[in-house]
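Undergrad: First the structure, then my questions, so here it is.
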Amino acid sequence: MNALREIMRHVPSSVVVITALYDGVPIGMTVGSFTSASLHPPLVSFFAGKSSTTWPLIETAGRFCVNVLAARQPQIATAFAARKTDRFTGQAWVPSPLGSPLLEGVLAWLDCELHAVHEVGDHLAVAGLVHDAHASGNARPLVFFRGELAALS
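Under numbering that gives the first Met the number 0, the residues of the sequence shown are numbered 0 to 152, in order.
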């Protein structure tokens with residue numbers, strides 16, 4: 000529905016990179032639908048496209064790290080949205096407490112265990128149980144608005 004797509008362009012959304020290790024190899028994907036789902040238990044959620052080739056690998060890993068990007072990191076969002084195999088080329092990271100890739104310099108991160116996955120239209124609604132989280136500094140977040148990566152002013 001083109002009308003829905005046009006209307007949703009006027010709703011700013013978060014920009015995060017979901018990362019995991021699959022057979023010891025770091026994998027990740029950019030997501031523009033991240034949100035808090037529950038405080039008790041602590042759950043976060045996002046939508047993954049059913050056609051994603053990265054999501055099944057993250058699902059198999061059973062855990063993931065949500066890397067909340069800062070406004071100064073649009074190149075990371077672009078790199079992890081690209082249809083290439085090694086999105087980690089040139090990207091520094093360390094293992095999160097659960098072992099998933101934690102990208103260097105992110106605004107915040109949440110270390111999660113996969114909690115639930117439900118089919119919703121052409122996407123999968125994913126919920127993660129938060130085991131650990133950290134926010135660093137007062138930088139502005141990266142958002143997606145009107146078809147572009149943007150910073151809040």
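For every residue, glycine included, the Cβ atom is placed at its ideal position computed from N, Cα and C. Just so it is clear, the structure is predicted and the values come from calculations on it, not from any experiment.
1) So, are the CB atoms of S51 and M28 less than 8 Å apart?
2) Report all residues from its chain with a CB closer than 6 Å to the CB of F63; omit the five preceding and five following residues, and keep chain order.
3) Take R8 as the anchor and find which of F144, A80, V24, E103 has the nearest alpha-carbon.
4) Where G140 and I6 are concerned, what is the direct C-alpha to C-alpha distance, given to the nearest angstrom?
5) Report back the beta-carbon spacing between A134 and L97 to the nearest angstrom; my notes put them in contact at under 8 Å.
6) Going along the chain, which residues of its own chain have a beta-carbon closer than 6 Å to the beta-carbon of A70, five neighbours each way excluded?
7) What does the Cβ neighbour count give for G120, buried or exposed, with the cut at 16 atoms within 10 Å?
8) Whole-angstrom Cβ separation of A76 and L148, contact assumed at under 8 Å?
9) Could you please give me the residues that DSSP links to E58 through a beta bridge?
10) Do the CB positions of F46 and H117 come within less than 8 Å of each other?
11) Should T53 be labelled buried (16 or more other beta-carbon atoms within 10 Å of its own) or exposed?
12) Taking G127 as the reference, which of G89, T34, P73 has the closest Cα?
13) DSSP three-state label for T88, please.
TA: Let me spell this out:
1) In contact: S51 and M28 (Cβ atoms closer than 8 Å).
2) I17, A19, I57, S99, C111, listed in sequence order.
3) F144
4) Residue identity differs from the one stated: residue 140 is Pro in this sequence, not Gly. Cα-Cα distance, rounded: 22 Å.
5) That belief does not hold up - the Cβ atoms of A134 and L97 are roughly 18 Å apart, past 8 Å.
6) R139, L141, A150
7) exposed
8) 6 Å
9) According to DSSP, which records beta bridges pairwise, E58 is partnered with nothing at all.
10) no
11) buried
12) T34
13) Coil, per DSSP.
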